[in-house]
Structures are given as C-alpha cells and as structure tokens.
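Protein chains in written order, with the working numbering: chain A, 30 to 152; chain B, 199 to 305. Ideal placement from N, C-alpha and C gives every residue a C-beta, glycine not left out.
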C-alpha cells in the first residue's frame, strides 16, 4: 500500500523559499503515475499547485507558475516542491498526493494523500 | 482554466436523509470528475472518480452521476460520519481545478 510523507520546515520567512519533500513508500515513483502537490490555507478550500511525472514533465497552477518548481528524484523515490518567494498568503497545509490509475490509463484525480504539513510564512 | 462551481455552499441534512450536492464545470470535462470528502483536521479522501466510480472501500450510499458540465454527488442516507466538506475536482484539462466545497452539516 502506497504511503506518502511530506517533510520540510514548518516556518518560512517572507520573501524566502519554501521547500518540501514527499517521500513515497510502497510504490515506485518510476512508474507512470503522476504525482501532485495540493495546498489548503487555514479554513479554506483545496488548491492544486502542480503535478509531475517521473519523466520530469510538469504542469503548474497558472497563478503560481512563476514561483513554483517541482522535481522528482527516482533514486530516492521522492518528489519535491519549491515555492519562491513566499508571502503570508502561502501559509497553508501542503499535501502531496498520487495520481490515479484505472483500466490501463493514468489519471489526475488523487487516490492517495500524505498527512499534510503546515507551513507558516512569518517573520 | 476550467472553473468548478459547487452548490450549495452549506447543506443542512438530518441523519438518515438524502443529500444531493452539485458541481458545475465552466466547460465540458467529459467524465473526468472526482469527488473528495474531508472531515475536520483530516486528509481529503477520494470518494468517486470518473464521475461515477466509487473508490476502493467507499460505501454504496455514495453515488456520483453526470457528464460534461453538470455533476451530482448523492449520499442516499446520511450517517453521522458523513458530515464533512465535499470537493469536486476536474482532471480533464491542465491546470487541474477544485470546486470551493460544500459543507454538509447536521440539521
């Protein structure tokens, strides 16, 4: 059974860089699933940040595209998020998640999620 | 970008009653529509994908329908554990987009 675990600093200063890793266990990231990041500001809804394939192909939220970089490390079976520069509006719980698979095709709904990590942007 | 609009924002339902949640897409997404349930302080959980296919382990009281731009999540007989926020998400086109959520609360 796949498990995802986010890790990274819980506090980031404004104008600096938010960096998170998502370690995947129970499933090889070298397959053809897509892997995504989603965030949720306190008390608000879900916002997709971006998705990456093990080939390195990425897609990003239009509103974040200029500040976001996703990467994948198949040797460590993990993928990563960088967001820079950050403001207080980037304070949120950040989730990593796996894209779905059904009947021989890969899809971009999210069937497995990490527990999430709260990142606060504050000086 | 495809805009996903959910209605109502809040739905008050008594236990045992039926709940009907709506999700509308600003352009056709075919059947590439998923529903998630999120309870307070918990991780979102996939309920439905492909507009109508229940994810593994999801009870039969949850059903999804629709295609194109209009979708519905129905909970046939609400149980206490079903009171939560529900989100729809289109996975037809990049960028992926979520609806703003519908809160199902106890009446």
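Between residue i and chain B, is there a C-beta pair that is closer than 8 Å?
i: residue 2 of chain A; result: Given that chain A is displayed from residue 30 to residue 152, the structure contains no residue 2 of chain A and the question cannot be resolved.
i: residue 108 of chain A; result: no
i: residue 144 of chain A; result: yes
i: residue 17 of chain A; result: Lying before the first or after the last residue shown, residue 17 of chain A is absent from chain A, which here runs from 30 to 152.
i: residue 29 of chain A; result: Summary: the structure shown does not reach residue 29 of chain A, with chain A confined to residues 30 through 152, and so no result is reported for it.
Under 8 Å, do residue i and residue j count as touching if we go by C-beta distance?
i: residue 47 of chain A; j: residue 36 of chain A; result: no
i: residue 131 of chain A; j: residue 247 of chain B; result: yes
i: residue 144 of chain A; j: residue 283 of chain B; result: no
i: residue 245 of chain B; j: residue 138 of chain A; result: no
Is there a Cβ of chain A sitting closer than 8 Å to that of residue i, yes or no?
i: residue 217 of chain B; result: no
i: residue 284 of chain B; result: no
i: residue 266 of chain B; result: no
i: residue 296 of chain B; result: yes
i: residue 223 of chain B; result: no
i: residue 293 of chain B; result: yes
Using C-beta distances below 7 Å, list every residue in its chain close to residue i, excluding the 5 sequence neighbours before and after it, in chain order.
i: residue 280 of chain B; result: 273, 302
i: residue 62 of chain A; result: 127, 128, 130, 135
i: residue 265 of chain B; result: 228, 229, 249
i: residue 223 of chain B; result: 200, 202, 267, 288
What distance in whole Å lies between the Cβ atoms of residue j and residue i, which are believed to be in contact at a cut-off of 8 Å?
i: residue 119 of chain A; j: residue 112 of chain A; result: 6 Å
i: residue 219 of chain B; j: residue 271 of chain B; result: 4 Å
Within the same chain, show all residues whose beta-carbon is closer than 8 Å to that of residue i, passing over the 5 residues directly before and after it, in chain order.
i: residue 43 of chain A; result: 114, 115, 116, 117, 150, 151, 152
i: residue 21 of chain A; result: No answer is possible for residue 21 of chain A: the residues shown for chain A start at 30 and end at 152.
At a threshold of 7 Å, does residue i count as lining the ligand PLP (C-beta to nearest heavy atom)?
i: residue 126 of chain A; result: The ligand PLP is not part of the structure shown, which contains no ligands of any sort.
Of all Cβ atoms in chain C, is any one closer than 8 Å to the Cβ of residue i?
i: residue 241 of chain B; result: Considering every chain present, this structure includes no chain C. Its protein chains are A and B.
What does a CB cutoff of less than 6 Å around residue i pick up in its chain, not counting 5 residues either side in sequence?
i: residue 106 of chain A; result: 53, 58
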